[in-house]
Amino acid sequence: MRKLTLFTLLGLALLVASGCAKRQYVTQPEDESSNPPVAEAEQLQPIPEAPPVMMPADKDRKIRDIEMIEVEEPTPPPTPPISEPPAPAPTDDKDVWEGAITHSPMAGDTPPPPPPPPVMEEPQQIKGWRVQIGAMSAEENAHRLASEARNILGERVYVDYVDTPPNWKVRVGDCKTRAEADALKQRVQKNGYSGAWVVECMINNP
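When we follow our numbering, the leftmost residue of the sequence shown carries the number 186, and every step to the right adds one.
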């Protein structure tokens with residue numbers, strides 16, 4: 186009986202000893218949340234931030250900022266002081282009034298156009314009498330005689346062309362009546378035209 190008890194105690198001691206040994210070699214499982222697997226650890230590493238993408242507007246703004254900083258506007262040269270023209274020398278009123286005042290046209294001025302010549306109305310033709318002082322075959326000679334008679338007589342002298350040769354007739358006056366023509370003929374004869382005579386023709390109505 187005593188032997189059985191010893192063997193039993195010895196077996197229990199061995200069992201206890203082996204259980205302690207096994208308990209020493211058992212490791213407590215690690216927490217997966219604190220030590221993740223290698224693959225998960227690599228995935229959980231922080232991703233480096235990419236540099237900010239510069240938009241075109243930001244580039245232009247930075248370029249303009251650089252240009253504004255680097256480029257310096259040249260300073261304009263100082264403007265010379267404007268000198269006033271000297272005052273004109275005083276002149277006497279006598280010199281001003283006696284001197285000739287002329288207008289010098291400025292550049293670009295155009296002289297005003299000359300006035301149109303007066304329109305000469307055709308005189309009304311009526312029947313009357315004139316005093317004839319000559320008849321010429323050449324028109325030039327007839328106009329020369331008419332110019333001379335105007336200077337001497339102070340009357341209207343005409344050069345009329347007629348079909349009967351000599352064709353160029355030199356005649357004086359515009360007489361509506363024969364009596365006026367006779368009085369004019371006497372005055373013409375006294376001034377050197379002794380061969381003058383009265384002719385009936387068309388005259389200008391004065």
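Ideal placement from N, C-alpha and C gives every residue a C-beta, glycine not left out. Since we're looking at a predicted model, the values are computed, not measured.
Please go through the same chain and pick out, in chain order, the residues whose beta-carbon is closer than 8 Å to the beta-carbon of Arg315, but skip the five residues on each side of it. Counted from its first residue, the sequence shown places residue 315 at position 130. Excluding residues within five positions, the ones whose Cβ falls inside 8 Å are Tyr343, Arg356, Val357, Gly358, Asp359, Cys360, Ala366, Val383, Val384, Cys386, Ile388.
DSSP three-state label for Val383, please. Numbered from 1 along the sequence shown, position 198 holds the residue referred to as residue 383. Strand at Val383.
In this structure, what does DSSP give as the bridge partners for Ile388? Residue numbering aside, residue 388 sits at position 203 when the sequence shown is read from its first letter. BP columns for Ile388 point to Ile311.
Please list, in chain order, all residues of the same chain as Ala327 whose beta carbon is under 6 Å from its beta carbon, the five residues on each side excluded. Along the sequence shown, read from residue 1 onward, the residue named residue 327 stands at position 142. These residues qualify, in order along the chain: Met321, Val344, Trp353, Val355.
Suppose the cutoff is 6 Å on Cβ atoms and the five residues either side in sequence are ignored; what does the same chain contact list for Gln310 look like? Along the sequence shown, one-based indexing puts residue 310 at 125. Cβ contact annotation for Gln310 (same chain, cutoff 6 Å, sequence separation greater than five): Met387, in chain order.
Taking the alpha helix (DSSP H) that Lys354 falls in, what are its first and last residues? Counted from its first residue, the sequence shown places residue 354 at position 169. Counting along the chain, Lys354 falls outside any alpha helix (DSSP H), though it belongs to the beta strand (DSSP E) covering 353-360.
Taking the alpha carbon of Pro308 as the point to measure from, which residue in Asn390, Leu195, Leu199 has its own alpha carbon closest? Here residue 308 refers to the residue found at position 123 of the sequence shown. Out of Asn390, Leu195, Leu199, Asn390 has the C-alpha closest to the C-alpha of Pro308.
Let's see if you can read the secondary structure: which residues bound the beta strand (DSSP E) around Val373? Mapped onto the sequence shown, residue 373 falls at position 188. Looking at the DSSP string, Val373 is not in any beta strand (DSSP E); the run it does join, the alpha helix (DSSP H), is 363-375.
Ala170 (DSSP reduced to helix, strand or coil): No answer is possible for residue 170: it lies beyond the span of the chain, which begins at 186 and ends at 391.
From Pro394 to Thr295, what does the alpha carbon distance come to, in whole angstroms? Residue 394 is absent from the model: the chain starts at 186 and stops at 391.
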